[in-house]
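>
There are 2 protein chains.
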Amino acid sequence: MNKSTFALKGNIFYTPTPNQLVIHPQSYLVCENGLVAGIFEQLPEQYTNIPVEDHGNRLILPGLVDLHVHASQYAYRGLGMDMELLQWLESNAFPEESKFADLDYAKQAYSLFTQQLTESATTRACIFATLHRPATLLLTQLLEESGMRCYVGKVNMDRNCPDILQETTEESLAETRRWLEESKQFTKNKPMLTPRFTPTCTDELMAGLSQLQKEFNVPFQSHLSENIPEIEWVKELCPGTRFYGEAYSQFDLFGGNCPTVMAHCVWSDADERALMKQNGVFIAHCPQSNMNISSGIAPVKSYLLEGQKVGLGSDVAGGAHLSLFRAMTDAIQCSKLRWRLVDQNTPALTMPEALYMATKGGGELFGKVGSFEPGYAFDAIVMDDSDIPTTRTCNLAERLERVVYLSNGKPHAKYVQGEKLF
Amino acid sequence: MNKSTFALKGNIFYTPTPNQLVIHPQSYLVCENGLVAGIFEQLPEQYTNIPVEDHGNRLILPGLVDLHVHASQYAYRGLGMDMELLQWLESNAFPEESKFADLDYAKQAYSLFTQQLTESATTRACIFATLHRPATLLLTQLLEESGMRCYVGKVNMDRNCPDILQETTEESLAETRRWLEESKQFTKNKPMLTPRFTPTCTDELMAGLSQLQKEFNVPFQSHLSENIPEIEWVKELCPGTRFYGEAYSQFDLFGGNCPTVMAHCVWSDADERALMKQNGVFIAHCPQSNMNISSGIAPVKSYLLEGQKVGLGSDVAGGAHLSLFRAMTDAIQCSKLRWRLVDQNTPALTMPEALYMATKGGGELFGKVGSFEPGYAFDAIVMDDSDIPTTRTCNLAERLERVVYLSNGKPHAKYVQGEKLF
């Protein structure tokens, strides 16, 4: 018996598909070599001697996956929420991000972010850092020490930025290459190409990133069709494209052989959606950010129904909360408003769909992640709902709903790829 | 010097108007006989010997006012959030409310509600109980012991309800009269007439309640124009009315000499709005409930601009959260979506407007409540933001914003009418 074999016992939940909430009351979730071996009501003979962590009546869920979060914006989450995207970038995001040229500040800020992310229910994340290579590597080092398994991106931006936060195209590409090389030291946390978005990236930069993507075989993330003034700006900047996504796809940076996460997709038109689906682009739905920055409500239910790959993002600090449970409730609530105010032919999201997006939907970017089906990474969180008082007896599905709506979002125990973080 | 004279020291915030956030850094808020005597940078001579509670760098705000909350639904907040209003009433609200015929259950449930409300930042609330007189009096007794100062309503419903939760008209009126008499024992918490809403109340019942309102001179609360199928139903039930509000106003139960809170007003038309304004009806805006039950987004910014009286409601359990800080962020976020998706001529709510609604806007129902202007009730909460970590130095307005978006909603200290609750 390998000593990395063990079991958690409790009430086990997962969503193999968007419509299916599977619940195993009082069962054993077995881990072998960092992967899920199976779920059992009674431990089979070959597992009878493995260590069992008994979580009693607690809830065991797949770790949550945050497909879009800005580590460098954590310091001002919940601030300046009275602006639209472009103004907010100028006033909030850029001045804060410029501080990460100072490695001492970066250490302070990224230590806080890493601590808070580690204490949360999130086990995997796609993270924007800043354009600063040393600070980005420092963040990756901190995540590596925490046990989290994330993608981390050094940001590229070589136009339309304040001087203090702008690279030349050559610098940007040279620093990116060096960062990709230096990132090879990490085993759990990996680099992800991260041009901020089209307005801050020249065609030359994008072409260079495309070469690096092929050479290093790394995934890619950026922003897409978030906010109406932004989309109009991209149209002016890229007169040869039919839709925003082509600003990326013309450089082979839009799914297919380039695993891609596009944040937001609030206003993607039919052509953009068709290409996303064809290429298997992951959509990072960030409902709270889309409210806070007055972007709108993405048609996420339709995305799920048409077979797009969809996960959830906190988008701190466009979103104020790191908790993906909050993102789940935000997504459901926004989908109800969308049904009521925009499109009564498309129903609201359900709780299983929200959990699916927060787990397997985004998890698939990382491989077999986000489910408790055999062979999936053993990413698990244990939620204790005993501090959510009620005088009602709730069944297990109801207890899950209450954890999502009402818990403080912090798990009682957390595992990533079979490793216990706490 | 009266011994009920004392001061709190700290950073003091209030909103005398929707557009004006007043901040007094490191100042003294003086209480005399339960009322605000003034705010001072240095204590004037007549106060030099009064007790001072020094809250250091903490934030001192007016207590928050919850204009609409169902105490009897607290047990299932965060549950069954996949239904519209009428279905949700049948499946969730009515079965739970029927349990309050049992005074033992009522004691358990209302003790929990009272404890949670007391620990929250809310100092005043307009509360729906159930139709059960003994349980409603018990709730009022519990609130009285807690130090909270609320309006509590025995619910009336004599049609279109499950048998287990329906009164005859005669019973309903007789029990209401008896409840109003018995409520005279309480000094801090007062009764408020509470027909559930038009679909569950006959004209005879409403006429009888109107007589009781005049006889006992008590305020009045109900629901108005919340959800489209509900509004259509009211049209069928009240063929003689031009708009929903007339179902109340035809019985003199819609402001004027009858202080009135109408919950929701999501779909109020121009005539209804004109009458609300003319009669000074208080609108209880409940944004989270309006999302959860798919009702829509009330035009609250327009209500403020046109001079309506507007406060906020948690509407537990249509809303899942008792925190009015959460209601403030929900209100702002929904107003941004409304601007984006419905009406680009009406801008989003600001933080001062949200704080105003949560304090003075709703507080005016209770008299001079919800501000720190001299003569206002000394309702104060002290918020400690030291557990919201950041690497940024925030000014006081920013710290307020972070408390609203990011705190757990529980004050460090709380006063109602000069009485310290904790």
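Keeping their order, the protein sequence lines are chains Z and U. Each residue of the first sequence is one higher than the one before, counting from 31 in our numbering. Each residue of the second sequence is one higher than the one before, counting from 31 in our numbering. Glycine is no exception: its CB is placed at the ideal position from the N, C-alpha and C atoms.
For the segment 324 to 341 of chain Z, which residues have a beta carbon sitting closer than 9 Å to at least one beta carbon of chain U?
Cβ contacts with chain U: S324, S325, G326 and I327.
> Beta carbon of K137/Z, beta carbon of L168/Z: below 8 Å?
Yes.
> For Y278/Z, which of helix, strand or coil comes out of DSSP?
Y278/Z: helix per DSSP, three-state reduction.
> So, I365/Z versus A378/Z, is the Cβ gap smaller than 8 Å?
The amino acid occupying residue 365/Z in the given sequence is Ser; Ile does not appear at that position. Going by C-beta atoms, S365/Z is nearer than 8 Å to A378/Z.
> At a Cβ cut of 9 Å, what residues of the segment 308 to 323 of chain U count as close to chain Z, listed as they run along the chain?
Cβ contacts with chain Z: Q318, N320, M321, N322 and I323.
> If you drop the 5 nearest sequence neighbours on each side, which residues of the same chain put their C-beta closer than 7 Å to that of L426/Z?
N41, I53 and P55, listed in sequence order.
> Is it buried or exposed for I453/U, if we count other Cβ within 10 angstroms and need 16 for buried?
One cannot answer for residue 453/U here, as it falls past the ends of chain U, which runs 31 to 452.
> Name the residue from Q50/Z, N190/Z and K450/Z whose alpha carbon lies nearest to the alpha carbon of Q117/Z.
It is N190/Z.
> Of all the options V434/U, P404/U and K398/U, which has the alpha carbon lying nearest to the alpha carbon of V412/U?
For the residues V434/U, P404/U and K398/U, the minimum Cα distance to V412/U belongs to V434/U.
> Give a yes or no on whether the minimum CB-CB distance between R356/U and chain Z is below 8 Å.
Chain Z contact via Cβ: absent.
> Answer yes or no: does any C-beta atom of chain Z fall closer than 8 Å to that of D132/U?
Judged by the 8 Å Cβ criterion, D132/U is not in contact with chain Z.
> Report back the beta-carbon spacing between I327/U and E114/U to the nearest angstrom; my notes put them in contact at under 8 Å.
At roughly 15 Å, the Cβ-Cβ gap does not stay under 8 Å, so I327/U and E114/U are not in contact.
> Could you tell me how far apart the beta carbons of I90/Z and A410/Z are, in whole angstroms, since I believe they sit closer than 8 Å?
Confirmed, Cβ separation roughly 6 Å.
> Strictly below 8 Å CB to CB, what residues from chain U border A105/Z?
What A105/Z touches in chain U: T420, T421 and R422.
> Check whether the Cβ atoms of V248/Z and P221/Z sit closer than 8 Å, and answer yes or no.
The answer is yes: Cβ separation under 8 Å.
> Can you list, in chain order, the stretches of the alpha helix (DSSP H) that have 4 or more residues and sit fully within the segment 353 to 399 of chain Z?
You should have 354 to 371 and 381 to 386.
> Out of curiosity, what's the CA-to-CA distance linking F250/Z and L436/U?
Distance between the alpha carbons of F250/Z and L436/U: 31 Å.
> Assuming the contact rule is C-beta atoms closer than 8 Å, S319/U and S150/U should be a hit. Round their C-beta distance to whole Å, please.
In fact, because the Cβ distance is near 17 Å, the residues do not count as touching under 8 Å.
> Could you check which residue in P419/U, D282/U, A159/U and F70/U has the C-alpha nearest to that of H100/U?
Closest by alpha carbon: A159/U.
> Relative to the C-alpha of A105/U, which residue among E428/U, Y58/U and H351/U is closest?
Selected option, being the one with the closest Cα: H351/U.
> Taking the C-alpha atoms as reference points, what is the distance between G286/U and W369/U?
Cα-Cα distance, rounded: 32 Å.
> Nearest by alpha-carbon distance to N122/Z: which of K444/Z, T198/Z and R107/Z is it?
Comparing Cα-Cα distances from N122/Z to each of K444/Z, T198/Z and R107/Z, the minimum goes to R107/Z.
> Would you kindly check if the distance between the Cβ of V340/U and the Cβ of H315/U is under 8 Å?
Yes.
> For G439/U, name the three-state secondary structure that DSSP assigns.
Coil.
> With burial defined as no fewer than 16 other Cβ atoms inside 10 Å of the residue's Cβ, what is the status of M31/Z: buried or exposed?
Confidence is the limiting factor: at M31/Z the pLDDT is only 48, short of 50, which leaves the residue's position unreliable, though a coordinate-based value still follows. Result: exposed.
> List, from N- to C-terminal side, the beta strand (DSSP E) runs of 3 residues or more that fit wholly inside the segment 212 to 290 of chain Z.
Correct list: 250 to 254.
> Check for me: the alpha helix (DSSP H) holding R163/Z runs from which residue to which?
It spans R163 to S176 - the alpha helix (DSSP H) in which R163/Z sits, taken as one unbroken run.
> Rounded to the nearest angstrom, what separates E461/Z and F227/Z at their Cα positions?
No information on residue 461/Z is available, as it lies outside the stretch 31 to 452 that chain Z covers here.
> Whole angstroms are fine: how far does the CA of L172/Z sit from the CA of A165/Z?
Approximately 11 Å, taken between the alpha carbons.
> Can you have a look at R208/U and say buried or exposed, based on whether 16 or more other CB atoms are within 10 angstroms of its CB?
Under this definition R208/U is an exposed residue.
> Since Q338/U and M306/U should fall inside the 8 Å C-beta cutoff, what is the C-beta to C-beta distance between them, to a whole number of angstroms?
Right, their Cβ atoms sit about 6 Å apart.
> Does Q363/U get closer than 8 Å to chain Z when you measure Cβ to Cβ?
Closer than 8 Å: yes.
> Under the criterion of a Cβ to heavy atom distance below 7 Å, does L167/Z qualify as lining the ligand PLP?
Of the ligands one can find in the structure shown there are none, so the ligand PLP has no counterpart to examine.
> Give a yes or no on whether 8 Å exceeds the smallest Cβ distance from D112/U to chain Z.
Yes, contact with chain Z.
> With a threshold of 7 Å on Cβ separation, who are the neighbours of F402/U within its own chain once the five nearest residues in sequence on each side are excluded?
Correct list, in chain order: I42, Y44, L59, V66, I69 and P92.
> Applying a beta-carbon distance threshold of less than 8 Å, which residues of chain Z neighbour V372/U?
L371, listed in chain order.
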